[in-house]
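Q: The structure's right below; bear with me while I get my questions together.
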């Protein structure tokens, strides 16, 4: 997934393949899938057949037939180009799907078997240098894994048993250590197999909006087909009753050209490419959408549910200050906090050591030389620290503890000490500011509090403001207490928050929003997130998450970047805006071509003083009816070429409300779509007049 910003047209291999595929798509079975372009396809066949019949204006007929075929090929080219990147990615994925050996655990022994023989529930051992033989979850150990074959990123990632970073993908490579993986999928149903199917387009089904628009376009085309078919007898009757010339009403190429110009060929030819390119834009950001419906839903989202940790904040709480108890120096508090953290490998513990060094130049010490023994953190005690053996080393210090306020209070009281009211006030103040208070004690004495803060990501507030401009409400989900949650919510700029959240709380909130007619998106990675991911209209699962979460979501973020949800919403909105803009432009084009072609075609009817009465409507002054039709047919084909990049890249996106977007579309693509055909068709008419008499 590299070279994400490379233009479609800069890849010569991709363009050449798309050109070849555009001819392959001339197969009727392929053309039938697009009713609007199928009419153009049939029209091209009929005009080609008409060339072999007696034809009074062979040059005109050849040119109309040629440009009709060009129109069909350009529409095929747009679709083939949109599919090209997906197929290229599929080919690269297929290279990773190769047979490997698996060290399967069989009872008390390990046997080596082909990876294709593995089944759900089998356990395999993977060591440094091994390819992981299938999708699964780490059930034992921790290792560094190279997932570049999937994500395109060269930096290795950590996979470990337990937690939400246990999922591994077949075909990735273990770089260090040893893990035991429990296989969760059978051969042929792995994540890579599903990705290949998705990116090749085999699983791309038309979305409800796309189907509805296709029905509308097909209905409009049918109406114009009936109108053009009925036009011939009407013109013959008008000539018989009012006199004048039949004009092009008896010319099959002219009538087919008129039909093609009046039906919505522009959006009909680009509709499929718009849908495919929407999935491609997501793919280039390393997000796999399981359906086009999910992308569309992302564009209509009203509410975003985001986890605080790792999404809104950096995820690692960092020590920012030492707040000593009355009568205790800040340096004494820092010294004790650092000693209790020397063997603490958590980000919080390391940050305490760093802060003590920066503020008081306290260097790391050897606990064993001091007679110290590290006391690890447990879920039961909710604190950690260090105990000193008075018979060893030089230290005669009492035991040091750091942990949650309530846990330290109970610990101190159990030793016969007192918990000062001032510490209660400090703890409450830090919590109210959105921080996490970590109380430090030595023996039976409270030394003070370490202020830990989960840093809000830079620029996140501005991104939420952009979403608010689009009418999207953001809700932060956190397990923090309400005071802490409120402070972080205010700093981050979210619209609402859910404190002390549980899986049931998330699911309930999603259902409440949906019951109110809202579309909801959320992101998750754990098994406990699966119900909410399945319930949400857009559920984005992290690739690092559990298999259950990946199955529940309708999108998978290969980078496992929680903030990607904001980009997904923007891509969804861009897809809807692109489809709406080009539909508006196409219909406006058809209206203009109606007023351009019909007066020129039937200017000879109802003559007055030898001049057709309808000729007054030929305001553009076409040289002849043939030139008017041919100019319109050429314009109709060429406009597809100019709109292909827009369909693939998407219209320019900026956060705005629905009313603003509608007004912009109506002015730029509606008004522009009305004016451009008049200018373009007349310019082509002038050019035809200079090229050896215009060939007409």
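In UniProt numbering, the protein residues as written are 1 to 696. Quick reminder that beta carbons are idealized off the backbone N, C-alpha and C, glycines included.
Just list the residues that DSSP pairs residue 177 with in beta bridges.
A: 143
Q: Straight-line CA distance for residue 522 to residue 530?
A: 11 Å
Q: Residue 272 to residue 552, Cα distance in whole Å?
A: 27 Å
Q: Determine contact between the region 174–190 and the region 134–145, defined as no fewer than three beta-carbon pairs at a distance below 8 Å.
A: yes
Q: My assumption, with CB atoms under 8 Å, is that residue 266 sits in contact with residue 586. Please give the rounded CB distance.
A: 4 Å
Q: Note down, in chain order, each residue of its chain lying with its Cβ closer than 6 Å to the Cβ of residue 324, except the 5 sequence neighbours on either side.
A: So the list reads 330, 333 and 448, once near-sequence residues are dropped.
Q: Work out the CA separation of residue 317 and residue 381 for me, nearest whole Å.
A: 20 Å
Q: Identify every residue that forms a DSSP beta bridge with residue 388.
A: 372
Q: Closer than 6 Å by C-beta to residue 576: which residues in its own chain qualify, once you throw out the five before and the five after it? Chain order, please.
A: Its chain contains 299 as the residues whose beta carbon lies nearer than 6 Å to that of residue 576, once the 5 sequence neighbours on both sides are disregarded; these appear in chain order.
Q: Between the region 535–544 and the region 511–522, do three or more beta carbon pairs fall short of 8 Å?
A: yes
Q: What is the residue span of the beta strand (DSSP E) that residue 500 lies within?
A: DSSP places residue 500 outside any beta strand (DSSP E), giving it a letter other than H or E.
Q: Give the straight-line distance between the Cα atoms of residue 434 and residue 399, rounded to the nearest whole angstrom.
A: 29 Å
Q: Relative to the C-alpha of residue 256, which candidate in 226, 282, 285 and 269 has its C-alpha closest?
A: When each option's Cα is compared against that of residue 256, the closest is 226.
Q: What would DSSP say about residue 543, mapped onto helix, strand or coil?
A: coil
Q: Mind checking residue 133: buried by the 16 CB within 10 Å criterion, or exposed?
A: Burial is judged here by how many other beta carbons sit within 10 angstroms of a residue's own beta carbon; residue 133 has at least 16 and is buried.
Q: Among the candidates 355, 365 and 588, whose CA atom is the shortest distance from the CA of residue 674?
A: 588
Q: Could you check the C-alpha separation between residue 661 and residue 345 for me, to the nearest Å?
A: 51 Å
Q: Is it buried or exposed for residue 437, if we count other Cβ within 10 angstroms and need 16 for buried?
A: Buried, by the Cβ-count rule.
Q: What is the rounded straight-line gap between the Cα of residue 663 and the Cα of residue 646?
A: 19 Å
Q: Per DSSP, residue 476 forms a beta bridge with which residues?
A: 306 and 497
Q: For residue 689, I'd like the list of residues in its chain whose CB is within less than 6 Å of its CB, leaving aside the five on either flank, ordered along the chain.
A: 623
Q: Checking 9 Å against the spacing of the C-beta atoms, do residue 543 and residue 261 come in under that value?
A: no
Q: So, for residue 755: in the same chain, excluding its five sequence neighbours on each side, which residues have a beta-carbon less than 6 Å away from its beta-carbon?
A: Residue 755 lies beyond the stretch modelled for the chain, which goes from 1 to 696, so this question has no answer here.
Q: Identify whether residue 470 lies in helix, strand or coil by the three-state DSSP scheme.
A: coil
Q: Out of curiosity, what's the CA-to-CA distance linking residue 677 and residue 560?
A: 47 Å
Q: Roughly how many angstroms separate the alpha carbons of residue 184 and residue 147, rounded to a whole number?
A: Straight-line measurement puts the Cα of residue 147 at about 18 Å from the Cα of residue 184.
Q: Quick one: is residue 516 near chain C, going by C-beta distance under 9 Å?
A: Among the protein chains of the structure shown there is no chain C, as only one such chain exists.
Q: Could you spell out the range, first to last residue, of the alpha helix (DSSP H) harbouring residue 641?
A: 625–649
Q: Using the DSSP secondary-structure output, state which residues sit across from residue 123 in a beta bridge.
A: 182
Q: According to the Cβ coordinates, are residue 572 and residue 301 closer than 9 Å?
A: Cβ distance < 9 Å, so residue 572 and residue 301 count as in contact.
Q: Would you mind sorting residue 2 into buried or exposed? The rule is 16 or more other CB atoms within 10 Å of its CB.
A: Because residue 2 sits at a pLDDT of 42, beneath the cut-off of 50, its placement in the model cannot be relied upon, and the point is left open.
Q: Give the straight-line distance between the Cα atoms of residue 358 and residue 338, rounded to the nearest whole angstrom.
A: 12 Å
Q: State buried or exposed for residue 541, treating a residue as buried only when at least 16 other CB atoms are found within 10 Å of its CB.
A: Burial of residue 541 is indicated by the presence of at least 16 other C-beta atoms within 10 angstroms of its C-beta.
Q: On a CA-only basis, which of 321, 509, 22 and 653 is nearest residue 306? Give me that one, please.
A: 509
Q: For the beta strand (DSSP E) that contains residue 190, what are its first and last residues?
A: Counting along the chain, residue 190 falls outside any beta strand (DSSP E), and DSSP gives it neither H nor E.
Q: I'd like the ranges of any beta strand (DSSP E) spanning at least 3 consecutive residues and lying wholly in the region 280–345.
A: 287–289, 303–307 and 313–324
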